[in-house]
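Student: In this note's numbering, the protein residues as written are 46 to 369. Before anything else, here's the structure in question.
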């Protein structure tokens, strides 16, 4: 059984604090990654297990003028389900979406308004999940090509998420999206009410059993809306289960196969144009060191923390160990 005991805190442990005063969950996700590696071992995937196990073994930071840490060095495994890499991707998606929204506000007099649209489909068993995601993405493409939608929506961001039911083991694949519309949309002829969105989605999915879509206007600061869409593809809490390795391994195998090679985040219209104009890299395959969130200037002195398996935490490397 995997020992999840967390040892007493030490001044040598890593404390990476964000601008809101909250500690970044490096150690939490690293512990989850060690459990995930066990699932890959059980699934006879030793190469992937080794990559996940070694992910972010050492972290190098510069300290900013305000005393915070700025990540400069890390070895990320880039395995789709790795909790560390998923967290970094989510931060990167958030950072890019904020940059795009801010950029678009300067590109058109009056700017844009935004809608949050969540699209669901019925749950499917694990063996049907790959086809279910294929159908979901094809449905999205058909929806965005509808004349009524094209007249209303000027740009969009789509993120695919998969959750798993603990009740019956089925998988729920769905889309979170942000749609850019003109400010006049809500009082103009192109406005699409919730009931019409539902009908359009049913037609796009060619499935009349779909019972709901969630659509709402994003008011004020876009931070909350962007944070809502910049989620993990599959939350680690949905499949990391050290007390039930067999079930965990089955879930990991299902998700791993279903998500392989997928583009789970995409942009369209004016939001894709902004992504290109800002010269942003790919949020899924790009650099996980640079997540697109501005930081203060940093001192050019690298501070390194190494993962200590026995302590289940990151410990600061002493000067005498820096060449180790």
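All residues carry an ideal CB built from backbone N, CA and C; glycine is no exception. Note that the coordinates shown come from a computational prediction; the quantities given were computed from them, not determined experimentally.
Identify which residue in 289, 353 and 300 has its Cα closest to the Cα of residue 205.
Tutor: The candidate whose alpha carbon is nearest that of residue 205 is 300.
Student: Less than 8 Å separating the beta-carbons of residue 121 and residue 348?
Tutor: No, these two residues do not count as a Cβ contact at 8 Å.
Student: Quick one: grab the DSSP three-state call for residue 159.
Tutor: Strand, per DSSP.
Student: How long is the line joining the alpha carbons of residue 361 and residue 320, rounded to whole angstroms?
Tutor: Cα-Cα distance, rounded: 37 Å.
Student: Nearest-angstrom Cα distance between residue 276 and residue 311?
Tutor: Each residue's Cα considered, the two are about 13 Å apart.
Student: By Cβ distance below 6 Å, which residues in the same chain neighbour residue 182 in space, the five residues on each side in sequence not counted?
Tutor: Within the same chain, residue 182 has no close Cβ partners at all.
Student: Excluding sequence positions up to five away, which residues of its chain have a Cβ less than 8 Å from the Cβ of residue 353?
Tutor: Correct list, in chain order: 359 and 360.
Student: Could you check the C-alpha separation between residue 285 and residue 324 for me, to the nearest Å?
Tutor: Computed Cα separation, rounded: 35 Å.
Student: DSSP state of residue 244, grouped into three classes?
Tutor: In the structure shown, residue 244 sits in a helix (DSSP, three-state: H, G or I).
Student: How many angstroms separate the CA atom of residue 303 from the CA atom of residue 57?
Tutor: For residue 303 and residue 57, the distance between alpha carbons rounds to 40 Å.
Student: With distances taken from CA atoms, which of 104, 63 and 217 is nearest residue 75?
Tutor: Closest option to residue 75, Cα to Cα, is 104.
Student: How is residue 54 classed by DSSP in three states: helix, strand or coil?
Tutor: With a pLDDT of 49 at residue 54, under the threshold of 50, the modelled position of that residue is not reliable, and the figure given next carries that caveat. Reduced to three states, the DSSP call for residue 54 is coil.
Student: In this structure, does DSSP put residue 361 in helix, strand or coil?
Tutor: Residue 361: strand per DSSP, three-state reduction.
Student: In this structure, does DSSP put residue 237 in helix, strand or coil?
Tutor: Of the three classes helix, strand and coil, the one that applies to residue 237 here is coil, per DSSP.
Student: So what does DSSP say about residue 265, is it helix, strand or coil?
Tutor: Residue 265: coil per DSSP, three-state reduction.
Student: Buried or exposed: where does residue 196 fall if 16 or more other Cβ atoms within 10 Å of its Cβ makes it buried?
Tutor: When all chains shown are included, residue 196 counts as exposed.
Student: Ends of the alpha helix (DSSP H) at residue 122?
Tutor: Taken as a continuous stretch (DSSP letters only), residue 122 belongs to no alpha helix (DSSP H), as it is neither H nor E.
Student: Please determine, among 223, 72 and 296, the residue with the shortest C-alpha to C-alpha distance to residue 213.
Tutor: When each option's Cα is compared against that of residue 213, the closest is 296.
Student: What residue range is occupied by the uninterrupted beta strand (DSSP E) comprising residue 207?
Tutor: Where residue 207 is concerned, the enclosing beta strand (DSSP E) stretches over 200-209.
Student: Quick one: using the 10 Å Cβ neighbour count with 16 as the cut-off for buried, is residue 256 buried or exposed?
Tutor: Result: exposed.
Student: By the 10 Å Cβ neighbour count, where 16 or more other Cβ atoms means buried, how is residue 62 classified, buried or exposed?
Tutor: By the neighbour-count rule (16 or more Cβ atoms within 10 Å), residue 62 is not buried but exposed.
Student: Could you check where the beta strand (DSSP E) with residue 225 kicks off and where it finishes?
Tutor: That run of the beta strand (DSSP E) goes 216-226.
Student: In or out: residue 218 buried (at least 16 other Cβ within 10 Å) or exposed?
Tutor: Under this definition residue 218 is a buried residue.
Student: Is residue 270 near residue 159, with beta carbons less than 8 Å apart?
Tutor: Contact flag set, yes.
Student: Taking all protein chains shown into account, do 16 or more other C-beta atoms lie within 10 angstroms of the C-beta of residue 166, making it buried, or fewer, making it exposed?
Tutor: Buried, since its Cβ has 16 or more Cβ neighbours within 10 Å.
Student: With H, G and I counted as helix, E and B as strand and the rest as coil, what does DSSP make of residue 164?
Tutor: Looking at residue 164 - three-state DSSP - the assignment turns out to be strand.
Student: Out of 351, 355 and 356, state which residue places its alpha-carbon closest to the alpha-carbon of residue 363.
Tutor: If we check each option's Cα against that of residue 363, 351 comes out closest.
Student: Out of 80, 283 and 82, which one is the CA nearest neighbour of residue 210?
Tutor: Closest by alpha carbon: 283.
Student: Should residue 140 and residue 149 be called a contact, given that it needs their Cβ atoms to be closer than 8 Å?
Tutor: Contact flag unset, no.
Student: Determine which residues share a DSSP beta bridge with residue 323 and list them.
Tutor: Partner(s): none; residue 323 has no beta bridge.
Student: If you run the structure through DSSP and keep just helix, strand and coil, what is residue 278?
Tutor: Correct three-state label for residue 278: coil.
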